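Residue numbers (my numbering): 1287 to 1518.
Glycine is no exception: its CB is placed at the ideal position from the N, C-alpha and C atoms.
As the structure is a prediction and not an experimental result, all values here were calculated from the model.
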(Lines of atoms letter the chains of each structure in order from A and count residues from 1; the text may use other names and numbers.)
(Lines give C-alpha, C1' and ligand atoms only; values in the text may rest on other atoms or scores of the structure.)
Protein backbone atom coordinates (compact mmCIF):
# COMPACT_ATOMS: atom_id res chain seq x y z
CA UNK A 1 0.00 0.00 0.00
CA UNK A 2 1.62 3.27 -1.12
CA UNK A 3 1.28 6.34 1.08
CA UNK A 4 2.22 9.93 0.29
CA UNK A 5 3.36 12.11 3.18
CA UNK A 6 3.86 15.82 2.51
CA UNK A 7 5.76 18.29 4.69
CA UNK A 8 8.09 21.27 4.15
CA UNK A 9 11.67 20.52 3.17
CA UNK A 10 14.37 22.08 5.28
CA UNK A 11 15.74 24.09 2.37
CA UNK A 12 13.60 26.67 0.64
CA UNK A 13 10.30 25.41 2.13
CA UNK A 14 9.85 23.22 -0.95
CA UNK A 15 7.36 20.38 -0.31
CA UNK A 16 8.93 17.04 0.38
CA UNK A 17 7.15 13.87 -0.70
CA UNK A 18 7.73 10.55 1.05
CA UNK A 19 6.34 7.51 -0.74
CA UNK A 20 6.10 4.34 1.34
CA UNK A 21 5.74 0.98 -0.37
CA UNK A 22 6.12 -2.13 1.76
CA UNK A 23 9.59 -2.09 3.29
CA UNK A 24 10.98 0.63 1.03
CA UNK A 25 10.52 4.35 1.19
CA UNK A 26 11.48 7.01 -1.31
CA UNK A 27 12.24 10.58 -0.31
CA UNK A 28 12.14 13.30 -2.95
CA UNK A 29 13.01 16.89 -2.19
CA UNK A 30 14.44 19.95 -3.85
CA UNK A 31 17.12 22.38 -2.88
CA UNK A 32 15.69 25.83 -3.60
CA UNK A 33 13.27 24.92 -6.41
CA UNK A 34 12.95 21.79 -8.52
CA UNK A 35 13.20 23.87 -11.69
CA UNK A 36 16.67 25.01 -10.69
CA UNK A 37 19.84 22.96 -10.58
CA UNK A 38 19.37 20.13 -8.16
CA UNK A 39 16.87 17.35 -7.57
CA UNK A 40 17.58 14.64 -5.02
CA UNK A 41 15.98 11.28 -4.42
CA UNK A 42 16.83 8.47 -2.04
CA UNK A 43 15.56 4.89 -1.98
CA UNK A 44 16.56 3.16 1.23
CA UNK A 45 15.76 -0.48 1.98
CA UNK A 46 16.77 -0.38 5.63
CA UNK A 47 13.42 -0.46 7.44
CA UNK A 48 13.13 -3.12 10.16
CA UNK A 49 12.20 -6.50 8.79
CA UNK A 50 13.54 -5.84 5.30
CA UNK A 51 16.36 -7.62 3.51
CA UNK A 52 19.74 -6.04 4.36
CA UNK A 53 19.97 -3.97 1.19
CA UNK A 54 20.97 -0.33 0.92
CA UNK A 55 19.88 0.58 -2.56
CA UNK A 56 19.85 4.35 -2.73
CA UNK A 57 20.11 7.72 -4.18
CA UNK A 58 20.21 9.76 -7.29
CA UNK A 59 21.42 13.26 -7.85
CA UNK A 60 21.47 15.46 -10.92
CA UNK A 61 22.86 18.89 -11.68
CA UNK A 62 22.26 20.95 -14.81
CA UNK A 63 25.38 23.02 -14.24
CA UNK A 64 27.47 22.91 -17.42
CA UNK A 65 29.37 26.19 -17.23
CA UNK A 66 32.77 24.66 -17.84
CA UNK A 67 34.33 22.13 -20.18
CA UNK A 68 34.69 18.43 -19.30
CA UNK A 69 37.77 17.35 -17.39
CA UNK A 70 37.87 13.71 -18.39
CA UNK A 71 40.92 12.86 -16.21
CA UNK A 72 42.14 10.47 -18.92
CA UNK A 73 44.36 11.84 -21.67
CA UNK A 74 43.43 12.51 -25.26
CA UNK A 75 41.55 10.47 -27.84
CA UNK A 76 42.47 7.13 -26.29
CA UNK A 77 40.83 8.16 -23.02
CA UNK A 78 37.56 9.13 -24.70
CA UNK A 79 37.48 5.89 -26.67
CA UNK A 80 38.20 3.84 -23.55
CA UNK A 81 35.00 5.21 -22.01
CA UNK A 82 32.94 4.90 -25.20
CA UNK A 83 33.88 1.26 -25.79
CA UNK A 84 32.38 -1.28 -23.45
CA UNK A 85 35.23 -2.38 -21.12
CA UNK A 86 33.28 -5.42 -19.98
CA UNK A 87 34.55 -7.16 -23.12
CA UNK A 88 38.11 -7.22 -21.77
CA UNK A 89 39.37 -10.45 -20.26
CA UNK A 90 41.17 -8.81 -17.35
CA UNK A 91 39.95 -6.51 -14.62
CA UNK A 92 41.21 -3.06 -15.57
CA UNK A 93 40.67 0.30 -13.92
CA UNK A 94 40.97 3.57 -15.82
CA UNK A 95 42.72 6.63 -14.46
CA UNK A 96 39.35 8.35 -14.01
CA UNK A 97 38.04 5.38 -12.02
CA UNK A 98 41.20 5.30 -9.90
CA UNK A 99 40.70 8.98 -9.19
CA UNK A 100 37.06 8.50 -8.18
CA UNK A 101 37.96 5.56 -5.92
CA UNK A 102 40.63 7.71 -4.26
CA UNK A 103 38.11 10.53 -3.74
CA UNK A 104 35.57 8.14 -2.20
CA UNK A 105 38.19 6.69 0.12
CA UNK A 106 39.40 10.16 1.06
CA UNK A 107 35.82 11.00 2.04
CA UNK A 108 35.49 7.78 4.06
CA UNK A 109 38.73 8.56 5.91
CA UNK A 110 37.15 11.61 7.57
CA UNK A 111 34.37 11.73 10.15
CA UNK A 112 31.38 13.67 8.82
CA UNK A 113 27.70 14.37 9.22
CA UNK A 114 25.22 13.03 6.67
CA UNK A 115 22.09 14.99 7.43
CA UNK A 116 21.22 14.36 11.07
CA UNK A 117 23.48 11.30 11.36
CA UNK A 118 27.13 11.48 12.38
CA UNK A 119 29.64 9.02 10.93
CA UNK A 120 33.11 8.15 12.14
CA UNK A 121 35.89 7.50 9.65
CA UNK A 122 35.58 4.08 8.03
CA UNK A 123 37.88 1.72 6.17
CA UNK A 124 38.72 2.34 2.51
CA UNK A 125 36.95 0.46 -0.27
CA UNK A 126 38.69 -1.79 -2.77
CA UNK A 127 37.96 -1.84 -6.50
CA UNK A 128 35.72 -4.62 -7.79
CA UNK A 129 35.22 -5.20 -11.50
CA UNK A 130 31.88 -6.97 -11.09
CA UNK A 131 30.51 -3.87 -9.38
CA UNK A 132 32.13 -1.84 -12.16
CA UNK A 133 30.30 -4.00 -14.72
CA UNK A 134 26.99 -3.31 -12.99
CA UNK A 135 27.82 0.42 -13.12
CA UNK A 136 28.71 0.18 -16.82
CA UNK A 137 25.47 -1.61 -17.60
CA UNK A 138 23.34 1.06 -15.97
CA UNK A 139 25.24 4.09 -17.24
CA UNK A 140 25.09 2.76 -20.80
CA UNK A 141 21.39 1.98 -20.40
CA UNK A 142 20.75 5.57 -19.28
CA UNK A 143 22.79 7.10 -22.10
CA UNK A 144 21.34 4.78 -24.75
CA UNK A 145 17.74 5.33 -23.69
CA UNK A 146 18.02 8.91 -22.36
CA UNK A 147 16.66 8.50 -18.83
CA UNK A 148 17.89 8.99 -15.28
CA UNK A 149 16.58 6.55 -12.68
CA UNK A 150 17.58 3.57 -10.56
CA UNK A 151 15.14 1.39 -12.51
CA UNK A 152 16.62 0.33 -15.84
CA UNK A 153 14.82 0.47 -19.18
CA UNK A 154 14.16 -3.25 -18.65
CA UNK A 155 12.65 -2.63 -15.20
CA UNK A 156 15.60 -4.16 -13.34
CA UNK A 157 16.94 -2.55 -10.18
CA UNK A 158 20.47 -2.19 -8.81
CA UNK A 159 20.40 -5.54 -7.01
CA UNK A 160 19.38 -7.29 -10.22
CA UNK A 161 22.22 -5.68 -12.16
CA UNK A 162 24.78 -6.50 -9.47
CA UNK A 163 23.65 -10.13 -9.39
CA UNK A 164 23.71 -10.32 -13.20
CA UNK A 165 27.32 -9.10 -13.12
CA UNK A 166 28.19 -12.17 -11.03
CA UNK A 167 28.55 -10.44 -7.66
CA UNK A 168 27.20 -12.50 -4.75
CA UNK A 169 26.25 -9.62 -2.47
CA UNK A 170 25.39 -9.35 1.18
CA UNK A 171 24.98 -5.56 1.09
CA UNK A 172 24.83 -3.15 -1.81
CA UNK A 173 24.19 0.50 -2.57
CA UNK A 174 23.94 2.63 -5.68
CA UNK A 175 24.48 6.37 -6.18
CA UNK A 176 23.63 8.14 -9.44
CA UNK A 177 24.60 11.61 -10.64
CA UNK A 178 24.11 13.48 -13.91
CA UNK A 179 25.34 16.73 -15.39
CA UNK A 180 28.63 16.98 -13.51
CA UNK A 181 31.90 17.49 -15.37
CA UNK A 182 34.63 16.88 -12.81
CA UNK A 183 34.87 13.89 -10.49
CA UNK A 184 35.49 16.22 -7.55
CA UNK A 185 32.26 18.11 -8.20
CA UNK A 186 30.22 14.94 -8.66
CA UNK A 187 31.43 13.53 -5.35
CA UNK A 188 30.98 16.86 -3.56
CA UNK A 189 27.37 16.94 -4.74
CA UNK A 190 26.80 13.40 -3.51
CA UNK A 191 28.34 14.15 -0.11
CA UNK A 192 26.10 17.20 0.21
CA UNK A 193 23.03 14.94 -0.08
CA UNK A 194 22.32 12.99 3.14
CA UNK A 195 21.19 9.79 1.42
CA UNK A 196 24.13 9.64 -0.98
CA UNK A 197 26.51 10.57 1.83
CA UNK A 198 25.22 7.67 3.95
CA UNK A 199 25.96 5.23 1.13
CA UNK A 200 29.50 6.57 0.82
CA UNK A 201 30.12 6.37 4.59
CA UNK A 202 28.38 3.03 5.14
CA UNK A 203 30.59 0.75 7.23
CA UNK A 204 28.87 -2.36 5.85
CA UNK A 205 30.23 -2.00 2.31
CA UNK A 206 33.80 -2.98 1.44
CA UNK A 207 34.04 -2.79 -2.36
CA UNK A 208 33.33 -0.25 -5.09
CA UNK A 209 32.91 0.07 -8.84
CA UNK A 210 31.98 3.06 -10.98
CA UNK A 211 31.47 4.23 -14.53
CA UNK A 212 30.64 7.54 -16.21
CA UNK A 213 30.15 8.81 -19.74
CA UNK A 214 30.11 12.23 -21.37
CA UNK A 215 27.39 12.46 -24.01
CA UNK A 216 25.82 14.90 -26.46
CA UNK A 217 22.18 15.65 -27.28
CA UNK A 218 20.75 14.09 -24.11
CA UNK A 219 19.13 15.67 -21.06
CA UNK A 220 22.51 15.85 -19.29
CA UNK A 221 26.09 16.06 -20.49
CA UNK A 222 27.30 13.27 -18.20
CA UNK A 223 25.90 10.22 -16.41
CA UNK A 224 27.56 8.66 -13.36
CA UNK A 225 26.87 5.36 -11.59
CA UNK A 226 28.59 4.36 -8.33
CA UNK A 227 28.00 0.86 -6.96
CA UNK A 228 28.96 -0.23 -3.43
CA UNK A 229 28.95 -3.79 -2.16
CA UNK A 230 29.98 -6.36 0.39
CA UNK A 231 30.19 -9.98 -0.76
CA UNK A 232 28.70 -12.96 1.04
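Classification of residue i by the beta-carbon crowding that lies within 10 angstroms, buried from 16 upward
i	result
residue 1469	buried
residue 1377	exposed
residue 1450	exposed
residue 1416	buried
residue 1368	Here the model assigns residue 1368 a pLDDT of 45, short of 50, so the residue's position is not dependable, and the following value carries that caveat. Flag for residue 1368 reads exposed.
residue 1502	exposed
residue 1441	exposed
residue 1390	buried
Identified DSSP bridge partners for residue i
i	result
residue 1398	1405
residue 1437	Paired residues: none, contrary to the question.
residue 1498	1510
residue 1459	1514
residue 1493	1412 and 1515
Of the listed residues the options, nearest to residue i (C-alpha basis)
i	options	result
residue 1456	1439, 1476 and 1492	1492
residue 1412	1507, 1510, 1496 and 1500	1496
residue 1382	1472, 1409, 1410 and 1447	1472
residue 1425	1517, 1387 and 1513	1513
residue 1436	1464, 1454 and 1452	1464
residue 1423	1518, 1502 and 1462	1462
residue 1518	1499, 1447 and 1453	1453
residue 1515	1385, 1446, 1504 and 1508	1446
residue 1387	1403, 1409, 1404 and 1402	1409
residue 1385	1429, 1494 and 1509	1494
residue 1498	1429, 1509, 1444 and 1392	1509
8 Å Cβ cutoff met for residue i and residue j
i	j	result
residue 1459	residue 1466	no
residue 1434	residue 1506	yes
residue 1486	residue 1418	no
Residues near residue i in its chain [Cβ-Cβ closer than 6 Å; skip 5 each side]
i	result
residue 1439	1427 and 1431
residue 1483	1400 and 1477
residue 1554	Not covered by the structure: residue 1554. The range shown for the chain is 1287 to 1518.
residue 1448	1420, 1455 and 1458
Own chain, CB closer than 7 Å to residue i, minus 5 neighbours either side, in chain order
i	result
residue 1406	1397
residue 1429	1499, 1501, 1504 and 1509
Sequence-distant residues of the same chain with beta carbon closer than 8 Å to residue i, five excluded per side
i	result
residue 1403	1480 and 1484
residue 1488	1340, 1408, 1457, 1459 and 1514
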